[in-house]
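Accompanying notes for the structure given below.
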Amino acid sequence: MVSYKDLGLVNTREMFKKAINGGYAVPAFNFNNMEQMQAIISACVECSSPVILQVSSGARKYANQTLLRYMAQGAVEYAKELGKNIPICLHLDHGNSFELCKSCVDMGFSSVMIDGSSLPYDENVALTKKVVDYAHQFDVTVEGELGVLAGVEDEVSAEEAHYTRPEEVIDFVSKTGVDSLAISIGTSHGANKFKPEQCTRNADGILVPPPLRFDILEAIEKQLPGFPIVLHGSSSVPQEYVKIINTHGGALKDAVGIPEDQLRQAAKSAVCKINIDSDGRLAMTAMIRKIFVDQPAEFDPRKYLGPARDELKKLYMHKCENVLCSAGKA
Ligand code: G3H
Ligand code: 13P
Ligand code: ZN
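Residue 1337 is where the sequence shown starts when you use our numbering, and the numbers rise one by one after that.
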């Protein structure tokens, strides 16, 4: 049993309280390799933002759970070495079983998500409560989810989105004891968040997605004043990366994300954690594809992973400074 407190990590409780009161959201960036972790930490140190390092079960399988945990521990030391002891949380993204959540709590995670959103309501409540009862013994915070996002939720896939029902949230939060609640108001996972027929097109032929359901968010906030709300599927799918990818051998079709102004608006509300994974994947892929095409004789991984890492850092700083408004809040 390893306590996150001994690793220098923090849970989300204080982070979220400050974010709600301060009208910003804490970034939750997914990572599964060293370059992503370096980019996240150096960006958040440079702009002085708190950060949630997020690990999916797929990432855990890919990178090895022990290595990832030591990397998070290393992230705390790396931040100090860069000059700032920013709050860093290590969070399990889309945990799909009690056993997985328990294993993460036992090995030093400071926060876990139990995603029972695809289960019938009562089963979601029972599973979430079981995780909360275990995690809270160790002061590990828990995120639950109500409502289903369209797209692929880790190993949970949903053909259609089912928006969160505001009339269920009080019952869910009080029965489970969760510390934060992920909701469905029209965001979606991945780089293809919407079908073209759900969108309109702007003058450049780029798809414009349907707006987020701020009316549902407001109704939820009325039910749970001051309670921390989480938005998954919040990549904006920057079209400049899509263009670089597609002009350098890629084939991304109709890739479209959540407009930044809507995320900025959400961050001012009780939304205090915003999840971003796909945008980082696009930034890395764009840089690597470009270097492979422009410098075909290059074969030192540092020569393409390095620029990809620099671009990632730029992207994460932009998110903190201009979208989530978490810069300067560490
Ligand atoms: O919401 C899902 C995250 O983007 C993680 O994706 O399961 O491919 O690691 P992954
Ligand atoms: P994106 O696919 O929009 O980056 O969402 C990531 C996410 O929600 C991770 O849980
Ligand atoms: Zn998610």
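Virtual Cβ for every residue (Gly too), placed ideally from N, Cα, C. Being a predicted model, the structure only gives us computed values, none of them experimental.
Asked                                                                                                               : Found
Rounded C-alpha distance that separates His1472 from Ala1462                                                        : 15 Å
Beta carbon of Ala1527 nearer than 8 Å to that of Leu1567                                                           : no
Whole-angstrom distance between Pro1502 and Val1583, CA atom to CA atom                                             : A small correction: the amino acid at residue 1583 is Thr; Val does not occupy that position in the sequence shown. In a straight line, the C-alpha of Thr1583 is about 44 Å away from that of Pro1502.
Spatial distance of Glu1533 from Leu1599 (CA atoms)                                                                 : 23 Å
Environment of Pro1386 [buried if 16+ CB atoms lie within 10 Å]                                                     : buried
His1654 Cβ short of 7 Å to the ligand ZN heavy atom set                                                             : no
Backbone CA spacing between Lys1350 and Ser1392 [nearest angstrom]                                                  : The amino acid at residue 1350 is misidentified as Lys; the sequence shows Glu. Cα to Cα, Glu1350 sits roughly 23 Å from Ser1392.
Cβ neighbours of Lys1604 in the same chain (closer than 6 Å, five flanking residues each side left out)             : Gly1359
Those residues which DSSP pairs with Lys1609 across a bridge                                                        : Val1362, Val1566
Cβ-Cβ separation, Gly1444 to Leu1343 (assumed contact under 8 Å), whole Å                                           : 5 Å
C-alpha gap between Phe1635 and Val1629, whole angstroms                                                            : 12 Å
Beta-carbon proximity list for Glu1489, same chain, < 8 Å, skipping 5 on both sides                                 : Confidence at Glu1489 is low in this model, with a pLDDT of 45, below 50, so its placement is unreliable and the value that follows should be read with caution. Excluding residues within five positions, the ones whose Cβ falls inside 8 Å are His1430, Asp1451, Ser1453, Ser1454, His1525, His1568.
Close-in-space but distant-in-sequence residues of the same chain around Gln1401 (CB under 7 Å, 5 per side omitted) : Met1443
Element boundaries [alpha helix (DSSP H), containing Ala1518]                                                       : Run containing Ala1518: none in the alpha helix (DSSP H); it sits in the beta strand (DSSP E), 1516-1519.
Helix, strand or coil at Glu1634 according to DSSP, with G and I counted as helix                                   : coil
Residues sharing a beta bridge with Ser1425, DSSP                                                                   : Before going further, note that residue 1425 is Cys rather than Ser in the sequence given. In the DSSP output, where bridge partners are listed per residue, Cys1425 has Ile1388.
Three CB pairs or more closer than 8 Å across the segment 1617-1627 and the segment 1640-1647                       : yes
Alpha-carbon spacing of Asp1458 relative to Phe1352, whole angstroms                                                : 27 Å
heavy atom of the ligand ZN below 7 Å from Asn1368 C-beta                                                           : no
Cβ pair Pro1546, Phe1530 closer than 8 Å                                                                            : yes
Beta-carbon proximity check, Gln1372 vs Leu1660, cutoff 8 Å                                                         : no
CB contact flag (Val1514, Val1573, <8 Å)                                                                            : no
Euclidean distance between Cα positions of Ala1494 and Gly1419                                                      : No answer about Ala1494 holds up, because its pLDDT of 46 lies below 50 and its placement is not dependable.
Beta-carbon proximity list for Gln1374, same chain, < 7 Å, skipping 5 on both sides                                 : Arg1645
Inter-residue spacing [alpha-carbon to alpha-carbon] between Ile1552 and Tyr1499                                    : 8 Å
N- and C-terminal bounds of the alpha helix (DSSP H) containing Glu1371                                             : 1370-1382
C-alpha gap between Arg1549 and Ile1610, whole angstroms                                                            : 16 Å
Extent of the continuous alpha helix (DSSP H) run through Val1509                                                   : 1505-1512
Residues near Gly1616 in its chain [Cβ-Cβ closer than 6 Å; skip 5 each side]                                        : Leu1648
Residue nearest to Gly1593 in terms of C-alpha spacing, selected from Val1607, Gly1585, Asp1613, Ala1606            : Asp1613
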